[in-house]
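Per the UniProt record's numbering, residue 1 is the first one in the sequence shown, and the count goes up by one each step.
Ideal placement from N, C-alpha and C gives every residue a C-beta, glycine not left out.
Before any comments, here is the structure.
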Amino acid sequence: MNPSECLARDAVRDGIERFVSGAVVHSKGRVLLVCRSGDDDYLPGREELPSGGVDDGESIDEGRARELQEEIGLGEHRVDDGFVGLFDYTDGRGRLTRQFTFSTPWPDGEPRLSPEHSSYRWIDRVHLDTADVTAETRGVLVQWWAWHAGTARSGVV
1 MNPSECLARD AVRDGIERFV SGAVVHSKGR VLLVCRSGDD DYLPGREELP SGGVDDGESI
61 DEGRARELQE EIGLGEHRVD DGFVGLFDYT DGRGRLTRQF TFSTPWPDGE PRLSPEHSSY
121 RWIDRVHLDT ADVTAETRGV LVQWWAWHAG TARSGVV
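Rendered as structure tokens:
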């Protein structure tokens with residue numbers, strides 16, 4: 001059983017009804033935030049990490065890969081070992097949802113945004129307080145920067 005399968009098994013055991021998968025997409029110590037379009041039904045104008053719902057029949061990894069392709073144009077990508085941020089929430093339909101956030105490096109070039117996003121920006125740790133993100137996303141980012149600082153010191157990333 002791979003790590004994502006273990007995460008899915010644990011989530012089901014915890015009563016989670018829906019999965020969301022995404023990533024802290026990073027480059028040179030900065031992370032990518034995408035801004036939802038102002039006319040979007042869900043959190044219009046809010047910044048977020050690239051992510052989205054895992055479809056029926058998809059694994060957490062397959063859902064993440066599809067969402068990163070759809071939202072920012074990131075195709076085949078590597079996932080950094082050792083980081084996954086989790087948080088639970090109730091979605092708009094009342095389903096208990098768990099978001100799985102992995103870490104993946106950005107290769108090169110510019111993100112290609114889906115219509116559900118109007119803009120993007122790269123931020124570093126000192127500018128996190130300027131991000132219009134949910135408290136849960138902010139917590140994942142704080143966790144990621146602490147993890148990244150440790151792996152960078154050890155030469156892993």
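Inclusion of Val25 and Pro3 in the CB contact set at 8 Å is not warranted, their separation being larger than that value. Per the C-alpha coordinates, the member of Pro111, Arg18, Asp129, Ala23 positioned closest to Asp81 is Ala23.
In this chain, the alpha helix (DSSP H) harbouring Val12 covers 3-13. Per DSSP, Gly45 lies in no alpha helix (DSSP H) and is assigned neither H nor E. Under the DSSP definition of a beta bridge, Leu128 lacks any partner.
Non-local C-beta neighbours of His77 in its own chain, meaning closer than 6 Å and more than five positions away in sequence, comprise Thr104, ordered along the chain. In this structure, Arg30 sits near Trp122, with a CB-CB distance shorter than 8 Å. Gly139 is the residue among Ser114, Glu116, Gly139 whose C-alpha sits nearest the C-alpha of Arg125. Each residue's CA atom was taken as its position, placing Glu62 and Trp106 some 18 Å apart. For Arg66, the uninterrupted alpha helix (DSSP H) segment begins and ends at 60-72.
Short of 8 Å from the beta carbon of Ser59, and not among the five residues preceding or following it, lie these beta carbons of its own chain, in chain order: Ser4, Glu5, Ala8.
The Cβ atoms of Glu48 and Thr97 lie no closer than 8 Å to each other.
Under DSSP, Thr134 forms no beta bridge with any residue.
For Leu86, the secondary structure class from DSSP, reduced to helix, strand or coil, is strand. Here Phe100 is near Phe19, since their CB atoms are less than 8 Å apart.
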